[in-house]
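Reviewing the structure listed below.
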Amino acid sequence: MKQRLKSLFRLEDGGVLLSVLSLIIAIIISGIIMAIAGHNPFTAFRAIAIGAFGSQRAIANTFTQATPLIFTGLAFVFARKAFVINLGVEGQMYMGALGAALVGLMDLGLPAFIHLPLAILGGILFGALYAGFAGFLKVRFGSNEVVATVMLNSIALLFIGYLTNGPLLAAGSAAAQTERVLETALLPRILPPNQLTYAIFFAILACIFMKWFTDRTTIGYEIRAVGLNKKAAETAGISTGKVIFITLCISGAIAGFAGASQVLGVDRRLIMGFSPGFGFAGIAVSALAANNLLGVIPAGIVFGAMRAGSMELARTTSIPAEFSDIIQAMVVLLVASPLLVREILKVNQVAKKGGRKLWKLSSKTSSPS
Amino acid sequence: MEVVIQNIIPILATAIYMSTPLIIAAIGGAFSVRSGVMALGLESMMMMGAFGAVVGAYFTGSVVLGFLVGTLGGMLFGFFHAVLSVTYKVNQVISGIGLNLLALAATTLSMQLVWGNRGMSPLVNSLTTNIGGFITQIPVIGPILAGQSINFFVMVLVVIVSWTVLFRTRYGLRLRMVGENPKAANSIGLRVHALKYSGVLICGALAGYGGAWLSLDQLNVFVRDMTAGRGFIAVAINILGRYNPSWIVPCALLFGFADVMQIYLQNAGIPSQLIQMLPFVVTLFVLAFGVRHIRAPAGVGLHEDS
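Chains as they are written, first to last, in our numbering: chain A, 35 to 403; chain B, 13 to 318.
In structure tokens:
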């Protein structure tokens with residue numbers, strides 16, 4: 035256990051230290067760009083910090099933004115465990131939102147403690163089925179999952195556009211959106227009138243559950259085996275097709291939960307184009323989380339804070355809010371490249387004549403290897 | 013369907029026209045994947061191409077220089093992609109997606125800094141030369157070509173040259189060998205890094221040109237998020253076309269054809285969003301029933317020392 039804790043702080047792929055350092059470097063670089071562009075970076079960072087953590091409302095905003103990001107990040111990281119690239123998180127989230135909205139709009143005369151779980155289940159099911167379709171194409175026809183999921187993303191977006199403009203359009207509404215979800219299907223808000231709902235706890239629990247699932251169950255073991263070496267897994271008698279299909283279904287289910295949490299909690303109805311790219315932002319979260327299922331929680335919160343902060347930045351200063359997007363993109367690129375981060379820090383990690391010169395911080399904590 | 017048959021010539025003409033940037037960008041992707049580097053960053057390279065083209069045309073007033081700057085803009089992000097994924101061995105999915113995020117943020121920000129408008133650039137000179145002369149007199153082909161811009165010939169040239177380079181030259185053979193097995197390529201003395209860099213830089217240049225097409229051929233302006241997912245469609249076409257220019261062309265044309273058909277079918281009484289799905293559904297069908305089990309080069313994502 036101690037060994038594992040120590041390994042987290044090494045400057046290597048998957049370490050906490052790397053993620054934190056990358057975040058700091060990304061912030062410094064974007065600060066320099068800001069200064070070159072003629073803006074005061076400290077004004078900007080203050081505005082972002084105030085917008086993210088400055089008040090109860092700000093903190094609520096941060097966690098509201100973090101909720102879908104934790105879900106979508108988790109969906110992506112989990113698929114990666116089986117070496118599946120699920121670029122379809124965005125589409126699966128939209129379908130999940132649809133499933134939740136359909137159940138949530140149905141007047142079944144049910145009490146909230148049955149209706150709400152049913153609506154969430156509807157979202158999970160739709161997301162899982164939609165991802166499962168891509169999985170089916172891959173396993174049955176050998177279709178490339180990148181192409182399939184990208185196409186399915188576009189199809190889902192257009193399908194939701196059709197439904198919210200046509201059959202499901204709220205009476206008398208000028209915007210493309212459905213009627214309000216029934217009161218019994220709403221996720222309760224923690225600090226009304228803020229949009230933060232109890233979905234944040236579901237998101238965090240989902241990460242912990244998936245961690246247990248991948249580490250401690252037979253299917254989880256098979257998923258990791260396929261992810262590490264597909265051929266070896268097959269030789270060991272694991273049905274890789276089945277495992278990939280199941281992985282995609284679960285990943286889609288998580289993405290569907292993200293959609294459900296938006297519809298039942300934040301927007302309280304299905305709105306066309308409700309997601310400002312939460313699906314692809316989930317990939318950014320997965321990078322900062324260094325593909326660690328539990329790391330998704332802090333990574334999602336960091337990105338949520340940046341989103342909430344950039345709103346404040348746009349509202350109170352003349353500094354373009356895109357700087358926060360630049361920080362996010364830099365974080366993704368830097369976290370993914372431990373070699374580059376080491377070089378930026380002028381770390382000499384090249385093995386010379388067999389001797390391993392490590393950077394002070396990492397040599398203190400690293401185990402002999 | 014009648015409406016489609018009656019208008020088959022304008023439909024084909026528009027299909028070829030709309031496919032042009034996709035073909036050029038997808039072929040760029042082929043160079044990247046053949047050298048063993050995944051091309052998910054095509055979107056960012058097209059975005060930089062579209063933006064660079066307008067910057068070039070705005071400050072020089074010349075369309076040709078605009079295309080040149082656009083191509084260089086694509087190459088710049090191609091270079092970033094190569095630095096990250098070849099030199100620093102970054103996971104290629106993450107670096108591609110990260111560059112996409114960066115390109116969207118960087119272009120929006122630059123628009124604000126250069127022109128003070130985050131949604132749209134000022135209008136610039138655009139390519140207006142259409143194909144004319146004797147070519148348009150040829151039956152069937154003539155009317156189809158009449159609506160094309162000069163970039164039609166650029167596209168044909170790119171297809172022929174890149175196919176030849178990839179499959180009929182020593183450089184192409186070496187590039188493909190690096191993509192199949194970087195370790196083996198390294199052991200026989202090929203310069204793996206240089207070859208991978210060349211593949212990704214060519215990818216950036218072509219994707220940049222495809223992006224420049226969007227802002228200088230189709231339109232005369234850069235708007236926020238101009239590529240709007242076309243880069244991902246080019247990625248898909250590249251995979252469908254088995255990373256081979258001669259297969260990429262029909263795949264892109266099929267997509268373009270379905271894309272144009274939906275414009276003509278809009279009057280048929282089907283809701284527009286459902287018709288707009290057509291090109292994506294067609295691509296899925298082709299993926300499931302047409303080209304099964306596409307095999308990427310075996311060395312994609314690998315390094316010479318892994």
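Glycine included, C-beta positions come from ideal geometry on N, C-alpha and C.
Note that the structure is predicted; figures quoted are calculated from it, not measured.
Distance from the CA atom of B:Ile214 to the CA atom of A:Ile63, rounded to whole angstroms, is 28 Å. Residue environment for A:Lys265: exposed (fewer than 16 other C-beta atoms within 10 angstroms of its C-beta). Contact with chain A is found for B:Ser107, since one of that chain's Cβ atoms lies less than 8 Å from the residue's Cβ.
Per DSSP, the continuous alpha helix (DSSP H) segment holding A:Phe175 begins and ends at 146 to 175.
If you draw a straight line from the Cα of A:Ala168 to the Cα of A:Thr183, it comes to about 6 Å.
Within chain A, the residues placing a beta-carbon under 7 Å from that of B:Ala117 are Glu356, Asp359, Ile360, Ala363, ordered along the chain.
Rounded to the nearest angstrom, the gap between the Cα atoms of B:Ile20 and B:Leu265 is 14 Å. The DSSP assignment places no complete run of the beta strand (DSSP E) inside the region 202 to 243 of chain A (cut-off: 3 residues). When A:Cys283, A:Val180, A:Ile257, A:Ile288 are compared, the shortest CA-CA separation from A:Ser273 is found for A:Ile257. With respect to the 8 Å criterion, B:Tyr29 and B:Gly159 are classified as neighbours on the basis of their beta carbons. Pairwise C-beta distances place the region 104 to 121 of chain B out of contact with the region 252 to 265 of chain B, as fewer than three of them are shorter than 8 Å. Of the other Cβ atoms in all chains shown, 16 or more fall within 10 Å of the Cβ of A:Gln229; this residue is therefore buried. In the same chain as B:Leu202, and ignoring 5 residues on each side of it, the C-beta atoms closer than 8 Å to its own belong to Arg186, Met189, Val190, in chain order. Your pair A:Leu347 and A:Ala134 does not check out as a contact, with CB atoms roughly 31 Å apart and the cut at 8 Å.
Taking the beta carbon of B:Arg130 as reference, the chain A residues within 8 Å of it are Pro354, Glu356, listed in sequence order. B:Asn137 and A:Val369 have their C-alpha atoms some 41 Å from each other.
Positions of the alpha helix (DSSP H) runs, each at least 4 residues long and wholly inside the region 211 to 278 of chain B, are given as 242 to 252, 257 to 277 in order along the chain. Secondary structure note for A:Pro372: its alpha helix (DSSP H) is the uninterrupted segment 372 to 378. In the three-state scheme derived from DSSP, where H, G and I count as helix and E and B as strand, B:Met167 is classed as helix.
Measuring C-alpha to C-alpha distances from A:Glu356 to each of A:Leu379, A:His73, A:Gly125 identifies A:His73 as the nearest. A straight line joining the alpha-carbon of B:Ser47 with that of B:Gly82 spans about 23 Å. When Cβ-Cβ separations below 8 Å define contact, B:Leu114 makes contact with chain A. Taking the Cβ atoms as the reference, B:Ala42 lies roughly 4 Å from B:Tyr255, within the contact range of under 8 Å. With a cutoff of 8 Å on beta-carbon distance, B:Ser133 and B:Tyr221 are scored as not near each other. Using a Cβ-Cβ cut-off of 8 Å, A:Leu192 counts as an interface residue toward chain B, since at least one Cβ of chain B sits closer than that to its own.
Between B:Val152 and B:Ala27, the alpha-carbon positions lie close to 15 Å from each other.
Fewer than three Cβ pairs drawn from the region 205 to 213 of chain A and the region 313 to 322 of chain A lie within less than 8 Å of each other, which leaves the two stretches out of contact.
In this structure, A:Ala109 keeps its C-beta atom at 8 Å or more from the C-beta atom of A:Ser309.
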